[in-house]
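Residue numbers (the numbering used here): 139 to 287. Glycine included, C-beta positions come from ideal geometry on N, C-alpha and C. What follows is a single structure, written as structure tokens, with notes after it.
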């Protein structure tokens, strides 16, 4: 099976985004970070959107507004939460997001979840569990070895 470069790049950029948000939360508010994401996201999609046009029915515009409100609220909450967690925990949450999205799709929308998806989910859950256990063991280790004299 060939490595999918787009998926690898997406994972890499997702990790960079999590670390960047964590760092930005030290100095900036959730609202400023979200505004920055919106402005740069808009700059990326405006050209293709202008090419295709905006001739949607009113119901589609209402659905887009509702979706935008939910996405904005979710992103604000996520950005705010990154100030409260360590980078390790935030990275693990970021890793679990696609797995949970696939699981929700299978549960609520009867989407197929092939064996390969189950295998990938098992790998992600195992990696997250390993990092959590390894981190909790490190948190309880003494800084220096005890003096045996």
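Own chain residues within Cβ distance below 7 Å of residue 159, not counting five before or after: Taking the first residue of the chain shown as position 1, residue 159 is located at position 21. Result list for residue 159: 171, 217 and 220, in chain order.
Express the C-alpha separation of residue 262 and residue 151 in angstroms, rounding to a whole number. As a first step, residue 151 is located in the chain shown; it is residue number 13 there, counting from the start. As a first step, residue 262 is located in the chain shown; it is residue number 124 there, counting from the start. Using only the alpha carbons, I get a separation of about 17 Å.
DSSP state of residue 188 mapped onto helix, strand, coil: Here residue 188 corresponds to residue number 50 of the chain shown, with the count starting at 1. Per DSSP, reduced to three states, the secondary structure at residue 188 is helical.
Let me confirm a value: residue 228 is counted as buried when at least 16 other C-beta atoms fall within 10 Å, else exposed. Which label applies? As a working mapping, residue 228 is identified with position 90 in the chain shown. It is buried - the Cβ of residue 228 has at least 16 other Cβ atoms within 10 Å.
Secondary structure of residue 197, DSSP reduced to three states: Walking along the chain shown from the start, residue 197 turns up at place 59. Residue 197 falls in the helix class under three-state DSSP.
Do you know offhand how far residue 268's Cα is from residue 259's? Reading the chain shown from its first residue, position 130 is the one you call residue 268. Reading the chain shown from its first residue, position 121 is the one you call residue 259. Taking the straight line from one Cα to the other gives about 14 Å.
Check the C-beta distance from residue 233 over to residue 208 and give it rounded, since I have them as a contact under 8 Å. For the purposes of this step, residue 233 is identified with residue 95 of the chain shown, where counting begins at 1. For the purposes of this step, residue 208 is identified with residue 70 of the chain shown, where counting begins at 1. That pair is no contact at about 23 Å.
Please say whether residue 270 and residue 230 have beta carbons closer to each other than 8 Å? By 1-based counting over the chain shown, the position of residue 230 is 92. By 1-based counting over the chain shown, the position of residue 270 is 132. It is a contact, given that the beta carbons lie within the stated cut-off.
Look at residue 168 and residue 214 and say whether their C-beta atoms are less than 8 Å apart. Your numbering for residue 168 matches position 30 in the chain shown. Your numbering for residue 214 matches position 76 in the chain shown. At a Cβ-Cβ threshold of 8 Å, residue 168 and residue 214 count as neighbours.
Within 10 Å of its beta-carbon, does residue 164 have 16 or more other beta-carbons around it, so buried, or fewer, so exposed? For this step, residue 164 is matched to residue 26 along the chain shown. So residue 164 counts as exposed.
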